[in-house]
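Novice:
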Amino acid sequence: MTLTSRERVLLALNHQEPDRVPIIFGADGSTAMLVPAYENLKKHLGITAKTQLFDRAFQYARIDEEVMTHFQSDFRTLLGPASSHCASIDGLNNTFTDYWGITWHRPEDGYYYDMISQPLQGASTVKDIEEYSWPDAEMILDTNGLAERARLLYQESPYAILGIHDGISSIFETTWYLRGFAEFMFDLASDLEMVHALLRHLTDIAKTTTAKYLKEVGPYIDVYRVGDDFGMQNGTIISPKMFREVVKPYLAEYYSMIHNMTDAKLMLHSCGSVRAIMGDLIEIGVDILNPVQIRAKDMEPEELKAEFGDKLSFCGGIDTQDTLPNGTQKEVQEEVQRMMQALAPNGGYLLASVHAIQPDVPPENVCTMFETALAYGQYPLSSK
Numbered sequence: 001m002t003l004t005s006r007e008r009v010l011l012a013l014n015h016q017e018p019d020r021v022p023i024i025f026g027a028d029g030s031t032a033m034l035v036p037a038y039e040n041l042k043k044h045l046g047i048t049a050k051t052q053l054f055d056r057a058f059q060y061a062r063i064d065e066e067v068m069t070h071f072q073s074d075f076r077t078l079l080g081p082a083s084s085h086c087a088s089i090d091g092l093n094n095t096f097t098d099y100w101g102i103t104w105h106r107p108e109d110g111y112y113y114d115m116i117s118q119p120l121q122g123a124s125t126v127k128d129i130e131e132y133s134w135p136d137a138e139m140i141l142d143t144n145g146l147a148e149r150a151r152l153l154y155q156e157s158p159y160a161i162l163g164i165h166d167g168i169s170s171i172f173e174t175t176w177y178l179r180g181f182a183e184f185m186f187d188l189a190s191d192l193e194m195v196h197a198l199l200r201h202l203t204d205i206a207k208t209t210t211a212k213y214l215k216e217v218g219p220y221i222d223v224y225r226v227g228d229d230f231g232m233q234n235g236t237i238i239s240p241k242m243f244r245e246v247v248k249p250y251l252a253e254y255y256s257m258i259h260n261m262t263d264a265k266l267m268l269h270s271c272g273s274v275r276a277i278m279g280d281l282i283e284i285g286v287d288i289l290n291p292v293q294i295r296a297k298d299m300e301p302e303e304l305k306a307e308f309g310d311k312l313s314f315c316g317g318i319d320t321q322d323t324l325p326n327g328t329q330k331e332v333q334e335e336v337q338r339m340m341q342a343l344a345p346n347g348g349y350l351l352a353s354v355h356a357i358q359p360d361v362p363p364e365n366v367c368t369m370f371e372t373a374l375a376y377g378q379y380p381l382s383s384k
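The sequence shown runs 1 to 384 under my numbering.
The following block contains the structure:
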């Protein structure tokens, strides 16, 4: 049988086997490529279209329709754009300030923008947190014309639709964007009142901004994507106990609102080793985990599938730390086949790279990744 991309994805996310393993490429920053990597790929494919940005700070490229079609990506994106007054940009000095008041600077020859000024880094009391000029949904997100765009994409496109909007979809991570990483870690150890003040404000802003977006597009999207990095290479950023006691209740509140406003599956992007809290994430409503960082501790795909695969779908798994940049095309092919064998039985797997593809990845390896998925991803899966 031949399915539409939307049918294929929905079957997989309902833990059924479609005709082939779905592919997700370019639906968000973590399934896309950095601009230099994408320029290399387009040159390899003979595509001359000018590259557009998906995200300024992290320099993710917006993947062209021609490229997504070439690799048979099963997703398209419904992006809720930022309001026009969200950022002030100093192009001469490679600097911009976002609506949070965070200033970002891109070093000469750098790939990314770094945070060089964080507005709550010097806060010392809860009063400082309360008196900060917090942005609101109107300032962050522009939904003008979004409902009609969503309806047309849903009715006229065969693709699964991933919903994502500019603005806050992370709560835990944004705390240290505003506060500074070291300062926020000290707060967790010594000043939980400050932590709860931050998390309360960020949860409220996440809820109002996301509600504004979902009010327009809720019936038309198949997956809604949030992002919050809870993991590092060797474990969670904070202890599972602290996560459960301090952070989890706010996430549960936010994710519950999302599920009440749309039937879309909830995809969480979280880098690193998050196995220790995976059960908690499932409990509070996460349906899909991205990017499945297989080089991180305790993130072996076979074990994740065995332990969580009946309740959780996986998106990612093709290693960007070693295999894609350093492997031969044969090694890339073997890894793609291994990930499909590990994660795709009984559905529940969307094939993608582990986060955005970096500039050190040869375009031939990108092509091999998707070509292998198309060649060997037919159900029933072959062990060859």
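For glycine and all other residues, C-beta sits at the position ideal for the given N, C-alpha and C.
At the level of alpha carbons, what is the spacing between Y255 and E283?
Specialist: Answer to the nearest angstrom: the Cα atoms are 10 Å apart.
Novice: Say whether the segment 106–115 touches the segment 198–213, bearing in mind that this needs 3 or more beta-carbon pairs closer than 8 Å, one atom from each stretch.
Specialist: Short answer: they don't touch.
Novice: Counting C-beta neighbours from all protein chains within 10 Å, is the total for F186 16 or more, i.e. buried, or is it exposed?
Specialist: The residue is exposed, with fewer than 16 neighbouring Cβ atoms inside 10 Å.
Novice: Does DSSP classify V226 as helix, strand or coil?
Specialist: Three-state result, V226: strand.
Novice: Compare the beta carbon distance of V9 and D222 with 9 Å and say whether it is the shorter of the two.
Specialist: Yes.
Novice: Tell me whether the beta-carbon of S387 lies closer than 9 Å to the beta-carbon of K265.
Specialist: For the chain, the structure presents residues 1 to 384; residue 387 sits outside this window and is missing.
Novice: Considering Cα atoms alone, identify which of Q72, F230, N144 is closest to S270.
Specialist: The candidate whose alpha carbon is nearest that of S270 is F230.
Novice: Does the Cβ-Cβ distance between Y132 and L120 come in under 9 Å?
Specialist: Their beta carbons are under 9 Å apart, which means Y132 touches L120 by this criterion.
Novice: Ordered along the chain, which non-local residues of its own chain (more than five positions away) have a Cβ less than 8 Å from that of L11?
Specialist: The residues are L3, E17, P18, G347.
Novice: With distances taken between CB atoms, is the gap from G227 to S170 smaller than 9 Å?
Specialist: For G227 and S170, yes; Cβs fall inside 9 Å.
Novice: List, from N- to C-terminal side, the alpha helix (DSSP H) runs of 4 residues or more that fit wholly inside the segment 260–348.
Specialist: Fully enclosed alpha helix (DSSP H) runs of 4 or longer: 278–283, 301–308, 323–326, 329–343.
Novice: Tell me, which residues are paired with R76 by DSSP?
Specialist: R76 pairs with I161.
Novice: Specify the secondary structure class of G231 as computed by DSSP and reduced to three states.
Specialist: Reduced to three states, the DSSP call for G231 is strand.
Novice: Look at L343 and G377 and say whether their C-beta atoms are less than 9 Å apart.
Specialist: Cβ distance not < 9 Å, so L343 and G377 don't count as in contact.
Novice: Under DSSP, the alpha helix (DSSP H) around Y154 begins and ends at which residues?
Specialist: Note, Y154: alpha helix (DSSP H), 146–156.
Novice: At the level of alpha carbons, what is the spacing between G80 and N40?
Specialist: Near 28 Å, if we compare the C-alpha coordinates of N40 and G80.
Novice: To the nearest angstrom, report how far apart D28 and L192 are at their CA atoms.
Specialist: Near 33 Å, if we compare the C-alpha coordinates of L192 and D28.
Novice: Is A197 helix, strand or coil when you go by DSSP?
Specialist: Helix at A197.
Novice: When burial is assigned at 16 or more other CB atoms within 10 Å of the CB, is T48 buried or exposed?
Specialist: It counts as exposed.
Novice: So what's I357 in DSSP terms, helix, strand or just coil?
Specialist: Reduced to three states, the DSSP call for I357 is strand.
Novice: Just checking my contact of C315 with I288 at CB under 8 Å: how many whole Å lie between their CB atoms?
Specialist: Their Cβ separation, rounded to whole angstroms, is 5 Å, which keeps C315 and I288 in contact under 8 Å.
Novice: Output the boundary residues of the beta strand (DSSP E) element that contains R56.
Specialist: Run containing R56: none; DSSP gives neither H nor E here.
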